[in-house]
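Visitor: Protein chains in written order, with numbering that gives the first Met the number 0: chain A, 0 to 244; chain B, 0 to 456. No residue lacks a Cβ here, since even glycine has one placed at the ideal position from N, Cα and C. One structure coming up, written as C-alpha cells, with questions to follow.
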Amino acid sequence: MNRVLILGATSPIARALALRFASDGAQLYLAARNADEARRVAEDVSARAGVTALSGTFDASDFASHDEFVRHAAAALGGLDGVVVCFGTLGDEDSAQTDPGEALATIHQNFTGAVSLITLAARHLEQQRSGFIIVIGSVAGERGRKKNYVYGSAKGALATFAQGLRGRLAASGVHVMTVKLGTVDTRMTWGREGALLTIAPAKAADLIYAAYRKRAEVVYVPWFWRLIMGAIRMIPESRFKRVSF
Amino acid sequence: MTTNTISVPNPRRALLAGWGRYPLSESDVYRPDRIAELQAVVTANSTSLIARGAGRAYGDAALNDQNRVVDLTRLNRMLSFDPATGLLRCEAAVTIAELIDVFLPRGFFPPVTPGTRFVTLGGSVAADVHGKNHHRDSSLASHVTWFDLMIASGEVIRCSREENSALFWATVGGMGLTGVILELELRMRHVESAYLDGELIRAGNVDAAIEAFERIDAQYGYSVAWIDCNSTKSALGRSILNVGNFATLDQLPPNLAQNPLSTMPKLSPRVPFNFPAVNSLTVRAFNAVNYAIHREKAAHTIFDWDSFFYPLDSIRNWPRIYGKRGFVQYQCVWPPAESRAGLVEVLEAITRSRRGSFLAVLKKFGAQDGLLSFPMPGYTLAIDFPVTDGMLEFLDTLDVMVLKRGGRVYLAKDARMSPETFRAMYPNLGNWQAAKSSADPENRFSSSLSRRLRMTE
Ligand SMILES: Cc1cc2nc3c(=O)[nH]c(=O)nc-3n(C[C@H](O)[C@H](O)[C@H](O)COP(=O)(O)OP(=O)(O)OC[C@H]3O[C@@H](n4cnc5c(N)ncnc54)[C@H](O)[C@@H]3O)c2cc1C
Ligand SMILES: NC(=O)c1ccc[n+]([C@@H]2O[C@H](COP(=O)([O-])OP(=O)(O)OC[C@H]3O[C@@H](n4cnc5c(N)ncnc54)[C@H](OP(=O)(O)O)[C@@H]3O)[C@@H](O)[C@H]2O)c1
C-alpha cells in the first residue's frame, strides 16, 4: 500500500496527480488551506477512482503547525510512504519588488514552508528507510528574471534544497524527485500573456507520474524545457539583464 | 501566517463563439477553481455576467459580448456516488463524457444524453437538453433531484421540485439567466452492457418515417432518424431510423458478453458521415450514397454506445468544414397534430432553397415542464445552415411556418430569432420573468442571447 500525502491538493495539477496515484491503489491524504475545497477534491478522487481519499488543511506559512500536521496526516493514513509538494503561489510580483512583507510571503509559500514540511516528512521516511518525496518546482527557478525573481529565487532555492536532500536520503533508499515545470494552464497563468507552450494540468500530471514511476531524479515537464532553459542559461548576464520577458 | 483571502481572479480577454462559430463575441472570461472565487466573480460588480460550460450551444447562449463570462469548466468535481440508488452528486461542469468514462465500467449510463457527450451537466440543465429517449424518459433535468444555484447576491439556494420550485422551473431551460448552477444530484441509469440492441430502419418518405417512429415506440427506448433533406416529391423526408435499447447480457454474442461493460470497442455499423465540403451538389451526392448504403432493412444489430449515441463526436472540429462564416442549426418542434404537415412544409422549403444541409435529424418528443423548455409532445427537426447571404431571411420564413402551427425553435441552437417570434413561441415567458426577477432583481445574469431576444422586457 502506497500512503501518500499531497500538499497543495487544490492545484489542478495535484488533483490530476492524485487521481493517477489513487487509480494505482494509493491511499491519499489531500491537503490545502480551505477544508471544504480540499474535501471536494478528495471526494472527486474517491468517486472517480472508487477509493476513499482523506483530506485536511495546512498552511505552508504557519511553521509552528507543521509538526502536528504531518503527524496527524501520517496517523490518519496509518503510515506515510510518500509526499508530493505541489503548493506555491506567484504572489503579487509587482509589490514583492518593493514590499519586503510581500516578498517574504512569496518565499514562505514557495520555499521556507516547503523546507519545514519536507524536513518533517523526510525524518519519517528516513526512519522507515523507504518512500519518496516529489517536489514540484518551476523552470522560473533556473534563472532570475526581472519580472518574477522573488518567486523564481524561491523555486531555485527549493531545487537546491531538494538536490541536497536527494543526496542525503539516497543512503536510506528514499527517492527525491525534482520537477521543473514549464507553463501549465492553471489560474497561475490564466489571463497572462505568453501562454505559448502551455500544457493542460492533466498532461503535466501524466508526465510527472510517469517520471515518478521511472524513479527519475530531475525531470523537466515537458522535456523541451530542458533545451529552452539550457539556451536561456547561456545568455550572458550583460545581455540577459536587458531582456524584458 | 497568510490569510486565505479570496480575491476576484484575473480575467482573460477572449474571442468566444458557440459551436456554430456564429456569432463571435469578445468578453472578459473568468475561470474560477474554487467556489469562493466564483462567488467573488458573481458579486464583484453588477455588470452583466453569464455562465459558460463546454460551449456546445450552437449560437449566442453562452456568449456575453463586451461583458463578463464565467467559464465553469474547472468546477467539475464529483462528490459522491451511491451504486445502490445510482444517485450521483457532483459539480455542474462534470461532462457527460466523464460520466461515461467513470461509470459505464461500473454499469451506469447517463439517463439522457444529447448528440454529443462533450457537454456539461450545468449546460444541460440550463438548456433542458433532450436525447433520443425523450418521448419515453423526458429530459436530463427530469433525472436531476435537486441543484444548488448561486444567485446574483452570491447566496447559494437549493432548488428542487419541492424546495424553491419556482426557481427550479425557471432554471431548467432558463439558459443560465437565473444564476450559476453549482452542484446537482443526478440519478444514473443502470445498464447491463455498453452495447445497444437495435435496428437501422429505412423509411421512404415523411409518412413512412412517422409511421416507423409510432410503430417502434413500444419496443425501443431510443430512436432518431437521419433525414435526406434533398429528396423530393413522394420521397420527401426519406430517412434512416436508428433505434435501440441497452442490450441485456443474454442479447450479447459470447465474445462481447465476456466483457460487457468495456468502454473501448467500436464495432458498429455507423451512419456513414464523410462530411464533404458543404455545397448543395456534394450534399446531394452524399445523401444519395448514404441512403443507398442503408437500402436494405437491417435485422437486429448490436451497436456500441459510442457509435449509437455519438456518430458526430468521432469527427473532431466538424463545424470548420462549413467555412469561415460559421453556421446556424435550426431546430424546431411541432405539436402532434401539426407534425406531419409542418415537416412536409419545412422540408419542401429547404429543398427548394437549396441551402443544402445534409444533417437533418428527426426525433419524437414527450412533454416537458421547464418554463422555457424547448420540448413539447410532437416531432422535432434539426438542420444545419452554413451562413450564406440570404440565409437569415430564409430562416425567418421558416419561423413563420413553425409559429403558425403552434411550434417553437430551440434556444440552445438559436443565434438569429427575433424577440417577437420568441415571445410568441414561449407562452410561459411571463411566469419565467417573475421567477427571474425575484432571484436576480438587477438582471445581473444576462447574455448575448437574452439581450437579442429581450427576454427580460
Ligand atoms: C453535436 C451536438 C449535438 C447536440 N445534440 C443535442 C441533442 O441531441 N439534444 C439537445 O437538447 N441538445 C443538443 N445539443 C446542444 C447542447 O446539448 C446544449 O447546447 C447544451 O446546453 C450544451 O452544454 P454546454 O455545457 O456546452 O453549455 P454551454 O454551451 O456552455 O452553455 C449553454 C447554456 O447553458 C448555460 N450554462 C452552462 N453552464 C451553466 C451552469 N453551470 N449554470 C447555469 N447555466 C449554465 C449557459 O449560460 C448557456 O445559456 C447538441 C450540441 C452539439 C454541439
Ligand atoms: N501553472 C504553472 O504554469 C506553473 C509553472 C511552474 C510551476 N508551477 C508550480 O506548480 C504548483 C501548483 O500550481 P498551480 O499552477 O496548480 O496553481 P494553483 O492552482 O494556484 O495551486 C497552488 C496550490 O498551492 C496551495 N497554496 C498556496 N499557498 C498556500 C499556503 N500558504 N499554504 C498551503 N497551501 C498553499 C493552494 O492551495 P489553496 O487552495 O489553499 O489556495 C493550491 O493547492 C505550484 O508550486 C507552482 O509554483 C506552476
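Alpha carbons only, please: which of Leu157/A, Ala210/A, Arg144/A and Val217/A is nearest the one belonging to Ser243/A?
Guide: Arg144/A
Visitor: Look at the alpha carbon of Ala34/A and the alpha carbon of Ala8/A, and state the distance between them as a whole number of angstroms.
Guide: 11 Å
Visitor: At which residues does the alpha helix (DSSP H) containing Gln126/A begin and terminate?
Guide: Gly112 to Gln127
Visitor: Say yes only if the C-beta of Ile135/A is nearer than 7 Å to one or more non-hydrogen atoms of ligand 2, and no if none qualify.
Guide: Taking 7 Å as the cut-off, the C-beta of Ile135/A counts as close to a heavy atom of ligand 2.
Visitor: Is the separation between the beta-carbon of Val69/B and that of Ala43/B shorter than 8 Å?
Guide: no
Visitor: Identify which residue in Ala202/B, Asp206/B and Leu255/B has its Cα closest to the Cα of Val242/B.
Guide: Ala202/B
Visitor: Less than 7 Å separating the Cβ of Phe239/A from some heavy atom of ligand 2?
Guide: no
Visitor: Please confirm whether Leu215/A has its beta-carbon closer than 8 Å to some beta-carbon of chain B.
Guide: Sequence inspection shows Ala at residue 215/A; the Leu mentioned does not correspond to that position. No, Ala215/A lies away from the interface with chain B (no Cβ there is under 8 Å from its Cβ).
Visitor: Indicate the three-state DSSP secondary structure (helix, strand or coil) for Lys296/B in the structure shown.
Guide: At Lys296/B the pLDDT is 49, less than 50, meaning the model places this residue with poor confidence; the figure from the coordinates comes in the next sentence. The answer is coil: DSSP assigns Lys296/B none of H, G, I, E or B.
Visitor: Report the rounded CA-to-CA distance for Leu86/B versus Leu371/B, giving the unit in angstroms.
Guide: Each residue's Cα considered, the two are about 26 Å apart.
Visitor: What are the boundary residues of the alpha helix (DSSP H) that Phe57/A is part of?
Guide: Here Phe57/A belongs to no alpha helix (DSSP H), and DSSP marks it neither H nor E.
Visitor: Is Ala13/B a contact residue of ligand 1, with contact defined as CB to any heavy atom under 7 Å?
Guide: Because no heavy atom of ligand 1 lies under 7 Å away, the Cβ of Ala13/B does not count as near it: no.
Visitor: Please report the residue range of the alpha helix (DSSP H) in which Leu139/B lies.
Guide: Per DSSP, Leu139/B belongs to no alpha helix (DSSP H) and is neither H nor E.
Visitor: Three or more beta-carbon pairs under 8 Å between the segment 436–449 of chain B and the segment 373–386 of chain B, yes or no?
Guide: no
Visitor: With H, G and I counted as helix, E and B as strand and the rest as coil, what does DSSP make of Ala276/B?
Guide: For Ala276/B, the predicted model reports a pLDDT of 39, less than 50, meaning its position is unreliable and no value from the coordinates is stated.
Visitor: Could you check whether the Cβ of Ala13/A sits closer than 7 Å to any heavy atom belonging to ligand 2?
Guide: yes
Visitor: So Met176/A is in the beta strand (DSSP E); what residue range does that whole segment cover?
Guide: His174 to Leu180
Visitor: Beta-carbon within less than 7 Å of Glu213/B's beta-carbon, same chain only, minus the 5 sequence neighbours each way: which residues are those?
Guide: Sequence-distant partners of Glu213/B (beyond 5 residues in either direction) whose C-beta falls short of 7 Å from its own C-beta are missing from its chain.
Visitor: To the nearest angstrom, report how far apart Trp431/B and Pro440/B are at their CA atoms.
Guide: 13 Å
Visitor: Compare the Cα-Cα distances from Ile180/B to each of Ala193/B, Tyr321/B and Leu166/B and report the closest residue.
Guide: Leu166/B
Visitor: What number of angstroms, rounded off, separates the C-alpha of Pro11/A from the C-alpha of Ser222/B?
Guide: 39 Å
Visitor: Taking Cβ-Cβ distances below 7 Å as the criterion, which residues of the segment 7–23 of chain B are in contact with chain A?
Guide: Pro8, Asn9, Pro10 and Arg11
Visitor: Rounded to the nearest angstrom, how far is the Cβ of Val178/A from that of Ile135/A, given a contact under 8 Å?
Guide: Yes, they are in contact, since the Cβ atoms of Val178/A and Ile135/A sit about 5 Å apart, within 8 Å.
Visitor: For the alpha helix (DSSP H) holding Arg70/A, just list the boundary residues, first then last.
Guide: Residues His65 to Leu76.
Visitor: Per DSSP, Trp333/B is paired with what?
Guide: Tyr378/B
Visitor: Run through the segment 412–456 of chain B for me and flag every whole beta strand (DSSP E) of 3 or more residues, listed as ranges in chain order.
Guide: Counting only runs of 3 or more, we get nothing.
Visitor: Should Ile34/B be labelled buried (16 or more other beta-carbon atoms within 10 Å of its own) or exposed?
Guide: buried
Visitor: So for Thr46/B, helix, strand or coil by DSSP?
Guide: coil
Visitor: What number of angstroms, rounded off, separates the C-alpha of Val360/B from the C-alpha of Ala83/B?
Guide: 36 Å
Visitor: Should Ser79/B be flagged as near chain A, meaning a C-beta pair shorter than 8 Å?
Guide: Chain A contact via Cβ: present.
Visitor: Could you tell me whether the segment 180–197 of chain B touches the segment 102–111 of chain B, where touching means 3 or more Cβ pairs closer than 8 Å?
Guide: The segment 180–197 of chain B is in contact with the segment 102–111 of chain B.
Visitor: Buried or exposed: where does Pro335/B fall if 16 or more other Cβ atoms within 10 Å of its Cβ makes it buried?
Guide: Exposure of Pro335/B is indicated by the presence of fewer than 16 other C-beta atoms within 10 angstroms of its C-beta.
Visitor: According to DSSP, what are the bridge partners of Gly54/B?
Guide: BP columns for Gly54/B are empty, so no partner.
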